[in-house]
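Step one of this worksheet: look at the structure below.
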Amino acid sequence: MRHLKTVFLLLILLLAGGCASGFPTPQEAGMVPVAANLYAEPGIDDAGRANLIQSVSAARELVGNAFGGVETNPVIYACATNDCYARVGGSHGLAAQALDDRILLSPYGLNKHFLAHEWVHAELYARMKPAAWQAVPQWFNEGLAVTISQEPEHSESFLQSMLDAGLPVPRPEDVYALRSLSQWGNAIGFHEKQQLVLGVRSDGNPLYAAAGQAVRPWFLRVGRAGLNDLIRRMNAGQPFDVAYQATGAGQY
Ligand SMILES: [Zn+2]
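The number in the numbering used here is simply the position in the sequence shown, starting from 1, with 95 added.
Below you can see the structure in the form of structure tokens.
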């Protein structure tokens with residue numbers, strides 16, 4: 096069997112909501128400042144640091160264009176090694192994570208797409224009341240992040256390549272059923288296993304791509320006005336399904 100060196104892009108949001116995280120500060124983790132709120136493992140060279148600065152700027156633009164501004168200012172930890180990623184609180188197997196007011200980038204997540212993906216989670220979280228945030232289905236949260244971050248690993252063409260490889264690709268109704276974080280996590284695990292069993296080498300997971308495909312047409316149609324309308328409606332107490340359909344999602 097072919098050796099698989101798959102980096103599964105599990106981009107699960109773990110925002111603890113203001114709890115003291117207990118994670119090390121950048122200084123405690125031995126990281127060096129690169130720019131405001133951007134820290135890197137010392138092993139990242141000048142070219143890598145310049146690239147990081149560009150990535151932050153590009154990610155901020157993607158998020159800002161989508162939401163009509165950026166309200167969050169996360170502290171970004173960029174790691175060149177797995178050891179660094181574990182030290183700053185990153186979970187094994189995750190390319191990037193949003194934790195509290197921090198975004199952690201693993202060696203596999205050092206680009207604008209991963210950064211923007213996590214930033215979308217953080218931005219949505221910051222703009223929603225706690226009860227509204229809790230009511231956001233995970234498929235939408237991930238699909239929005241995939242859409243706005245324009246991750247090539249989770250594009251429509253990626254999804255097609257998975258179909259061509261004979262992988263089970265989730266149907267829309269399968270995606271919509273994944274509302275809780277645990278449902279989402281279980282489904283991610285299932286698709287990872289399918290890739291292993293069928294020996295399909297990939298940098299992405301069809302579930303993320305399918306979630307992106309579920310959200311992308313809506314977002315392209317309604318844009319930032321629709322996104323902000325959804326947030327406003329949910330903050331006013333509307334259930335997600337009611338608010339989403341009212342913004343133009345229609346039946347789904
Ligand atoms: Zn995510």
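The C-beta atom is built at its ideal place from N, Cα and C for all residues, glycine as well.
Note that the coordinates shown come from a computational prediction; the quantities given were computed from them, not determined experimentally.
Ranking Tyr180, Ala145, Gly184, Pro169 by CA distance to the CA of Gly117 puts Gly184 first.
Here the alpha carbon of Phe335 sits roughly 10 Å from the alpha carbon of Trp228. The beta carbon of Ala217 is closer than 6 Å to those of Thr167, Pro169, Ala193 in its chain, skipping five residues each way along the sequence. For Ala240, the CB falls within less than 7 Å of some heavy atom of ligand 1. Short of 8 Å from the beta carbon of Gln233, and not among the five residues preceding or following it, lie these beta carbons of its own chain, in chain order: Leu273, Arg274, Ser275, Leu276, Gln278, Trp279.
Annotation for Glu237 indicates a beta carbon within 7 Å of some heavy atom of ligand 1. Taking Thr242 as the centre and dropping the five residues before and after it, the same chain places the C-beta of Gly307, Val310, Arg311, Phe314 closer than 6 Å to its C-beta, in chain order. Non-local C-beta neighbours of Val127 in its own chain, meaning closer than 7 Å and more than five positions away in sequence, comprise Tyr134, Ala135, Pro137, ordered along the chain.
Restricted to the stretch 170 to 249, the beta strand (DSSP E) segments that are unbroken, complete and at least 3 residues in length are 170 to 173, 191 to 194, 197 to 200, listed in chain order. Annotation: Ile283 to Asn300 spans about 7 Å, alpha carbon to alpha carbon. In this structure, Phe253 places its C-beta atom within 8 Å of the C-beta atom of Ala304. Glu246 counts as buried, since no fewer than 16 other beta carbons sit within 10 angstroms of its beta carbon. The beta carbon of Gly163 is closer than 7 Å to those of Arg319, Asn323 in its chain, skipping five residues each way along the sequence. For Leu147 against Val129, the beta-carbon gap comes to about 6 Å, under 8 Å, which counts as contact. By the neighbour-count criterion, in which 16 or more other beta carbons inside 10 Å mark a residue as buried, Pro267 falls on the exposed side. Contact annotation: Ala221 and Met329 have beta-carbon atoms that are not nearer than 8 Å. For the pair Leu302 and Pro265, the CB atoms are nearer than the 8 Å cut-off. Counting the other CB atoms within 10 Å of its CB gives Leu258 a total below 16, which places it among the exposed residues. Non-local beta-carbon contacts of Ala260 in its own chain, meaning distances under 6 Å to residues more than five positions away in sequence, involve Val295 in chain order.
For Tyr180, same chain residues with a beta-carbon under 6 Å away, outside a window of 5 residues either side, are Cys174, Ser201 in chain order.
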